[in-house]
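2 protein chains.
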Amino acid sequence: MAAPTPSNRPNPEHIFSTLTAYQQSAALKAGIELDVFTAIADGANTSAALALKTNTAERGVRILCDYLTIHGFLTKEAERYALTMESAVFLNRHSPACLASMAEFLGNPWHKKNFEMLAEAVRKGGTASSDGDNTKPKEELWINFARSMAPLTAPSAEFIAGLIGAAGGKPCKVLDIAAGHGMYGITVAKRNPNAQIVALDWRGVLEVAQENARKLGVADRYTAKPGSAFETEFGNGYDFVLLTNIFHHFDVPTCGKLMRRVHAAVKPGGKAITLEFVPNEDRISPPVAAAFSLVMLAGTDAGDAYTFSQYEKMFGNAGFVKTTLHPVPDMPQQVLVSEK
Amino acid sequence: MAAPTPSNRPNPEHIFSTLTAYQQSAALKAGIELDVFTAIADGANTSAALALKTNTAERGVRILCDYLTIHGFLTKEAERYALTMESAVFLNRHSPACLASMAEFLGNPWHKKNFEMLAEAVRKGGTASSDGDNTKPKEELWINFARSMAPLTAPSAEFIAGLIGAAGGKPCKVLDIAAGHGMYGITVAKRNPNAQIVALDWRGVLEVAQENARKLGVADRYTAKPGSAFETEFGNGYDFVLLTNIFHHFDVPTCGKLMRRVHAAVKPGGKAITLEFVPNEDRISPPVAAAFSLVMLAGTDAGDAYTFSQYEKMFGNAGFVKTTLHPVPDMPQQVLVSEK
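Going line by line, the protein sequences match chains A and B. Read in order, the letters of the first sequence are residues 0 to 339 in numbering that gives the first Met the number 0. Read in order, the letters of the second sequence are residues 0 to 339 in numbering that gives the first Met the number 0.
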């Protein structure tokens, strides 16, 4: 991710561009918020046309679109802007793969505030904020997550459904812990008409998941179980328990406690399916997974991006006999399959 | 600056990394604030040693240094961190070329707040903040600028001193408008022992410039003229008037007004020397200069990064007979020399 300097002379450009990188986040967020990508897709491709279409000042939208062009999100020729391939697929709201909504969660003021206090978090070894304990409810944040991050999950959700053989149609009982938008369990239910899903999360968050289950026609096989993953009775006899993006919020003992509860809920021969950012043992590769550790330092008391050997040990201690690692194609996350 | 995707399949990684790029700014700022680069230069190269030396938690500094490694500011081998060439030159406080202080101005809360309101600035066509008129005093911000940005000016200041033939030693009178840290005028005075410098800026800012003039041994040829560039009497008969990073704050009529005042102050045959971000006519290249336009949209009522043809017209209208453009080697800014 480092920008190499073309000449041999040391050049401060990479330092300068990193110290001002928050401007890139703000510009892309503003572009999404003002929906300039959809406006360009709809044919408003000059600054005058864009100003009309997006209800902005021509000067303002011209400067924003020039900046988005410089950073590779648009192209510009003879004063006309056009979408890049990535923008057309992921930022145009008419595109089925549109991810524009994720700007809301990734640029959430709660995250930003935590990063403003990063030096203090480094001193302390955990978030400088007072609400870094993710075993406690934080409904507003997780509803925002559930509403904005669902589109990003499609590749991982399909990968998990494939991994557990959902298309085979064998009757199965699935527990989706910290379901959020619910898309992991819902995708299994879509691919397997004989799957029953139990989704667990805070009550307000589950409403988003239930809404998605209704939209995708699986509501009759979708049960909501509101509450904490550390206190709510899971039930038992599950074929699969999904644990997507949950362990990274906690320290090792808390992860262990959760996984022991999961072990008790899985039927013999059943599996726990974990989706996570899993850095290599060097903790600096692959870049996106390894970098996620800082997000946890900034925002949680003791969360981290754990390595495979750490997960293997935690899951083994919880009673699982074997855990294997499966990279999700084209995505920075990996799936851990743990057998009981 | 766009990160190219290696495969042909559209991949949202560039969108994701841009929406979270504010985390890179925060991490580098925290690294500078905690002075981990100097600590590593001094031999504290494991997370345990760094924790002791920088008064941080080992877990915190480990996660931060891993992140800084991922983003190319450190290297890591067998749990030991080392500086990259750029970090050794620009981020180690023992290095004479250290630029660490610029984190304070570039990451100033005032800038950040303006970028938080960027969508509103695009709607309005100018900053959403209420203090975007830079003809008015904003001493606190400019003192912060003067105190933190001086090291970055060395290459441009030396280039300007060379361009006006300072080393020739010919007696000359130089007016440095919006002097800030004063380094442009001071560098001319250092290279030419017969140069007399008059520095203009807000009173509190000029104290920083005077401090620098004393440190660099040119205080006896350095006169402070506190006040507004639009109201204070400049005097006249100047050989050179320096206008470094000032025009971009204002709209075209205001720039024109300032340049007419400058024209009156320059002696016949004298020159106005402007240092600026000057994008090409396409306004999307070169990247750093063109991107600067957004900083002005976010933070000023009507400032911009003007093209050469815009400056040529403004300066011609103010009475200058000819303006030429000179790129500063290895820097994103250019110098405009205008002859009276």
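Even glycine gets a Cβ: it sits at the ideal position worked out from N, Cα and C.
Inset, instruction - Please name the residue, chosen from B:Leu335, B:Leu242, B:Pro225 and B:Lys270, that lies closest to Pro278 (chain B) on a Cα-to-Cα basis. - result: Within the second sequence, the letter at position 279 stands for residue 278 (chain B). Checked all of B:Leu335, B:Leu242, B:Pro225 and B:Lys270; the closest Cα to Pro278 (chain B) is B:Leu335.
Inset, instruction - Please classify His13 (chain A): is it buried, with 16 or more other beta-carbons within 10 angstroms of its beta-carbon, or exposed? - result: Stepping through the first sequence from its first residue, residue 13 (chain A) is reached at position 14. Buried, since its Cβ has 16 or more Cβ neighbours within 10 Å.
Inset, instruction - Would you mind stating whether Ala26 (chain A) and Leu67 (chain A) have Cβ atoms separated by less than 8 Å? - result: The sequence position of residue 26 (chain A) within the first sequence is 27, counting from 1. The sequence position of residue 67 (chain A) within the first sequence is 68, counting from 1. For Ala26 (chain A) and Leu67 (chain A), yes; Cβs fall inside 8 Å.
Inset, instruction - Determine, using beta carbons only, whether Ala264 (chain A) and Phe229 (chain A) come nearer to each other than 8 Å. - result: Position 265 of the first sequence, counted from the first residue, corresponds to residue 264 (chain A). Position 230 of the first sequence, counted from the first residue, corresponds to residue 229 (chain A). Contact: no.
Legend entry - Residue closest to Ala289 (chain A), alpha-carbon to alpha-carbon, out of B:Pro11, B:Asn54, B:Phe36 and B:Arg61: If you number the first sequence from 1, residue 289 (chain A) lands on position 290. For Ala289 (chain A), the nearest C-alpha among the options comes from B:Arg61.
Legend entry - Other residues of its chain near Ala341 (chain A): CB distance less than 6 Å, five sequence neighbours each side excluded: Not covered by the structure: residue 341 (chain A). The range shown for chain A is 0 to 339.
Legend entry - For Thr322 (chain A), the three-state DSSP class (helix, strand or coil): As a position in the first sequence, residue 322 (chain A) is number 323, starting the count at 1. DSSP places Thr322 (chain A) in strand when its eight states are reduced to three.
Legend entry - Pro267 (chain A) beta carbon less than 8 Å from that of Lys339 (chain A): Along the first sequence, read from residue 1 onward, the residue named residue 339 (chain A) stands at position 340. Along the first sequence, read from residue 1 onward, the residue named residue 267 (chain A) stands at position 268. For Lys339 (chain A) and Pro267 (chain A), yes; Cβs fall inside 8 Å.
Legend entry - Host beta strand (DSSP E) of Lys350 (chain B) (start-end): Since the first and last residues shown for chain B are 0 and 339, residue 350 (chain B) lies out of range.
Inset, instruction - Report all residues from its chain with a CB closer than 6 Å to the CB of Gln209 (chain A); omit the five preceding and five following residues, and keep chain order. - result: Indexing the first sequence from 1 puts residue 209 (chain A) at position 210. So the list reads Ala223, once near-sequence residues are dropped.
Legend entry - Within-8 Å CB hit, Pro5 (chain A) to chain B: As a first step, residue 5 (chain A) is located in the first sequence; it is residue number 6 there, counting from the start. For Pro5 (chain A), the pLDDT reaches just 48, beneath the cut-off of 50, and the residue's location in the model is therefore unreliable, although a value from the coordinates is still provided. No, Pro5 (chain A) lies away from the interface with chain B (no Cβ there is under 8 Å from its Cβ).
Inset, instruction - Measure the alpha-carbon distance for Pro345 (chain B) versus Phe246 (chain B) and round it to whole angstroms. - result: What is shown of chain B runs 0 to 339, which leaves residue 345 (chain B) out entirely.
Inset, instruction - Flag Ala218 (chain A) as yes if its beta-carbon sits less than 8 Å from any beta-carbon of chain B, otherwise no. - result: Indexing the first sequence from 1 puts residue 218 (chain A) at position 219. False, the Cβ-Cβ gap to chain B never drops below 8 Å.
Legend entry - Within-8 Å CB hit, Ile123 (chain B) to chain A: Position 124 of the second sequence, counting from 1, holds the residue named residue 123 (chain B). First, the amino acid is wrong: residue 123 (chain B) is Lys here, not Ile. Yes - at least one Cβ of chain A is within 8 Å of the one on Lys123 (chain B).
Legend entry - Any C-beta of chain A under 8 Å from that of Asp65 (chain B): In the second sequence, counting from the first residue as 1, residue 65 (chain B) sits at position 66. Interface residue, yes.
Inset, instruction - Measuring only between beta-carbons, confirm whether Met258 (chain B) sits less than 8 Å from chain A. - result: In the second sequence, the residue the question calls residue 258 (chain B) occupies position 259. Cβ-Cβ to chain A under 8 Å: no for Met258 (chain B).
Legend entry - Expected contact under 8 Å - CB spacing of Gly236 (chain B) and Lys172 (chain B) to nearest Å: For this step, residue 236 (chain B) is matched to residue 237 along the second sequence. For this step, residue 172 (chain B) is matched to residue 173 along the second sequence. The Cβ separation is near 6 Å, so the contact holds.
Legend entry - Rounded separation between Phe276 (chain A) and Gly59 (chain B) - CA only: As a working mapping, residue 276 (chain A) is identified with position 277 in the first sequence. As a working mapping, residue 59 (chain B) is identified with position 60 in the second sequence. C-alpha separation (whole angstroms): 18 Å.
Inset, instruction - Would you tell me roughly how many angstroms separate the C-alpha atoms of Pro328 (chain A) and Ala301 (chain B), rounded to the nearest one? - result: Here the question's residue 328 (chain A) lines up with position 329 in the first sequence. Here the question's residue 301 (chain B) lines up with position 302 in the second sequence. Roughly 47 Å between the two C-alpha positions.
Inset, instruction - Please name the residue in B:Arg79, B:His262 and B:Thr322 whose C-alpha comes closest to that of Leu274 (chain B). - result: Counted from its first residue, the second sequence places residue 274 (chain B) at position 275. If we check each option's Cα against that of Leu274 (chain B), B:Thr322 comes out closest.
Inset, instruction - Please name the residue or residues paired with Ser155 (chain A) in a DSSP beta bridge. - result: Sequence index remark: in the first sequence, residue 155 (chain A) carries index 156 (1-based). Bridge partners of Ser155 (chain A): none, in fact.
Legend entry - Reduced DSSP category for Ala1 (chain A) - H, G, I as helix; E, B as strand; rest coil: In the first sequence, counting from the first residue as 1, residue 1 (chain A) sits at position 2. Only weak support exists for where Ala1 (chain A) lies, its pLDDT of 42 falling under 50; the value from the coordinates is given anyway. Coil.
Legend entry - Amino acids of chain A, ordered along the chain, whose beta-carbon sits closer than 8 Å to that of Val292 (chain B): One-based indexing of the second sequence puts residue 292 (chain B) at position 293. Checking the sequence shown, residue 292 (chain B) turns out to be Ser, not Val. Near Ser292 (chain B) (Cβ distances below 8 Å), the residues of chain A are Ile62, Asp65 and Tyr66.
Inset, instruction - Would you tell me roughly how many angstroms separate the C-alpha atoms of Ile283 (chain A) and Ala304 (chain A), rounded to the nearest one? - result: Taking the first residue of the first sequence as 1, we reach residue 283 (chain A) at position 284. Taking the first residue of the first sequence as 1, we reach residue 304 (chain A) at position 305. Roughly 11 Å separates the two Cα atoms.
Inset, instruction - Note down the Cα distance separating Thr37 (chain A) from Arg122 (chain B), rounded to an integer number of angstroms. - result: Here the question's residue 37 (chain A) lines up with position 38 in the first sequence. Here the question's residue 122 (chain B) lines up with position 123 in the second sequence. The straight-line gap from Cα to Cα measures roughly 17 Å.
Inset, instruction - Label Gly106 (chain A) either buried or exposed according to how many other C-beta atoms from any shown protein chain fall within 10 Å of its C-beta, with 16 as the threshold for buried. - result: For the purposes of this step, residue 106 (chain A) is taken as the residue at position 107 of the first sequence. Buried: at least 16 other Cβ atoms inside 10 Å.
Legend entry - Three-pair Cβ contact test at 8 Å for the region 38-53 of chain A versus the region 122-140 of chain A: no
Legend entry - Contact under 8 Å by Cβ, Arg92 (chain A) with Ala81 (chain A): The residue given as residue 92 (chain A) occupies position 93 in the first sequence. The residue given as residue 81 (chain A) occupies position 82 in the first sequence. Not in contact: Arg92 (chain A) and Ala81 (chain A) (Cβ atoms no closer than 8 Å).
Legend entry - Thr306 (chain A): contacting residues in chain B (beta-carbon distance under 9 Å): For the purposes of this step, residue 306 (chain A) is identified with residue 307 of the first sequence, where counting begins at 1. Those do not exist, as Thr306 (chain A) stays about 12 Å from chain B at its closest Cβ, beyond 9 Å.
Inset, instruction - Measure the alpha-carbon distance for Arg128 (chain A) versus Met101 (chain A) and round it to whole angstroms. - result: As a working mapping, residue 128 (chain A) is identified with position 129 in the first sequence. As a working mapping, residue 101 (chain A) is identified with position 102 in the first sequence. Correcting the residue identity first, residue 128 (chain A) is Ser in this sequence and not Arg. Approximately 23 Å, taken between the alpha carbons.
Inset, instruction - Put Leu242 (chain B) into one of helix, strand or coil per three-state DSSP. - result: Within the second sequence, residue 242 (chain B) is the residue found at index 243, counting from 1. Leu242 (chain B): strand per DSSP, three-state reduction.
Legend entry - Residue environment, Pro5 (chain A), which counts as buried when at least 16 other CB atoms sit within 10 Å: Mapped onto the first sequence, residue 5 (chain A) falls at position 6. Here the model assigns Pro5 (chain A) a pLDDT of 48, short of 50, so the residue's position is not dependable and the matter cannot be decided.
Legend entry - Classification of Gly184 (chain A) by the beta-carbon crowding that lies within 10 angstroms, buried from 16 upward: Numbered from its first residue, the first sequence carries residue 184 (chain A) at position 185. Buried is the call here.
Legend entry - Buried/exposed call for Ala156 (chain A), threshold 16 Cβ in 10 Å: Taking the first residue of the first sequence as 1, we reach residue 156 (chain A) at position 157. It is buried - the Cβ of Ala156 (chain A) has at least 16 other Cβ atoms within 10 Å.
Inset, instruction - Assign Asp200 (chain B) to one of three DSSP states: helix, strand, or coil. - result: Along the second sequence, read from residue 1 onward, the residue named residue 200 (chain B) stands at position 201. Reduced to three states, the DSSP call for Asp200 (chain B) is strand.
Legend entry - Bridge partners - Ala81 (chain A), DSSP secondary structure assignment: By 1-based counting over the first sequence, the position of residue 81 (chain A) is 82. Answer is A:Thr74.
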